[in-house]
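Heads up: the sequence shown is residues -23 to -1, 1 to 214, going by mature numbering (1 follows the signal peptide of the UniProt record, and there is no 0). Built from N, CA and C at the ideal position, the CB exists for glycine as well. For reference, the structure discussed in these notes is given below.
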Amino acid sequence: MGSLFPLSLLFFLAAAYPGVGSALGCRTKRAQGPKGSPLAPSGTSVPFWVRVSPEFVAVPPGKSVWLNCSNSCPQPQNSSLRTRLRQGKTSRGPGWVSYQLLDVRAWSSHAHCLVTCAGKTRWATARITAYKPPHSVILEPPVLKGRKYTLRCHVTQVFPVGYLVVTLRHGSRVIYSESLERFTGLDPANVTLTYEFPAGPLDFWQPVICHARLNLDGLVVRNSSAPITLMLGEAPL
């Protein structure tokens, strides 16, 4: 009979103070975290930030790059990098992880640093661009054939060729322009553009220049040839 008294007392306390039982239950649940760590109450999160450095990086095609992902989470549950680029080595320390990206050949890629803290996931994004500006832009001396000049422009070792625009200017006037968007190669290449220019008497003494331009979604890279002037003695009859 003596063992019934504590049980009846417990029922009495639960009836008189309904909050006591629920509070005890909450304490029991909060104490059961993974690996002994306390769980955060439902609906709460720890404020934290995630950063990536550098946020924008340009590399020659085929090269590697390191990205550093840092965060302010006291105890991150998970940290990872999501990207289509091939990953290499990883280095880490308190509050940061560095990832190596290998053989970058896509002209524009993204990498997302993800960190999960107290059940909430945040991320930061870096943009990686692989491009090679034209090594040189060379305009050959004009060659007269019949009543037209043959203009030939060479653009060397450029990438990505599919985002290259080659333009011929005579004085302040554009006489020809071509976009090479049909090319999809993943290596630097040489490009030659040939155009027949029907020059007349008013075209004498005006410089001809070949311009090469890479349009990379906001990043514009330009290079130009030395000017060549159409001389009077070169005019067609």
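Can Q64 and L58 be called in contact, C-beta distance under 8 Å? yes
Measuring CB atoms only, is the stretch 68 to 83 touching the stretch 192 to 211, in the sense that at least three cross pairs come out at less than 8 Å? no
Under 8 Å between C-beta atoms of L116 and A203: yes
Could you tell me whether the Cβ atoms of P175 and K122 are closer together than 8 Å? no
Sub-8 Å separation of V23 and C94 beta-carbons: yes
Which residues in the same chain have their Cβ closer than 7 Å to the Cβ of S86, if we skip the five residues on either side of it in sequence? T60, R61, L62, I105
Bridge-paired residues (DSSP) for residue 215: Since the first residue shown for the chain is -23 and the last is 214, residue 215 is missing from the structure and cannot be characterised.
Is V23 helix, strand or coil by DSSP? coil
Can you tell me the Cα-Cα spacing of M208 and W84, whole angstroms? 41 Å
Count the other C-beta atoms from every protein chain shown that fall within 10 angstroms of the C-beta of L179, then say buried if there are 16 or more, exposed otherwise. exposed
Other residues of its chain near H89: CB distance less than 6 Å, five sequence neighbours each side excluded: R59, W100, T102
At which residue ranges does the stretch 119 to 187 contain complete beta strand (DSSP E) runs of 3 or more residues, listed in the order of the chain? 120 to 122, 125 to 135, 141 to 147, 150 to 156, 166 to 174
Locate the beta strand (DSSP E) running through A103, then write down its first and last residues. 97 to 107
Indicate the three-state DSSP secondary structure (helix, strand or coil) for G70 in the structure shown. strand
So C46 is in the beta strand (DSSP E); what residue range does that whole segment cover? 40 to 48
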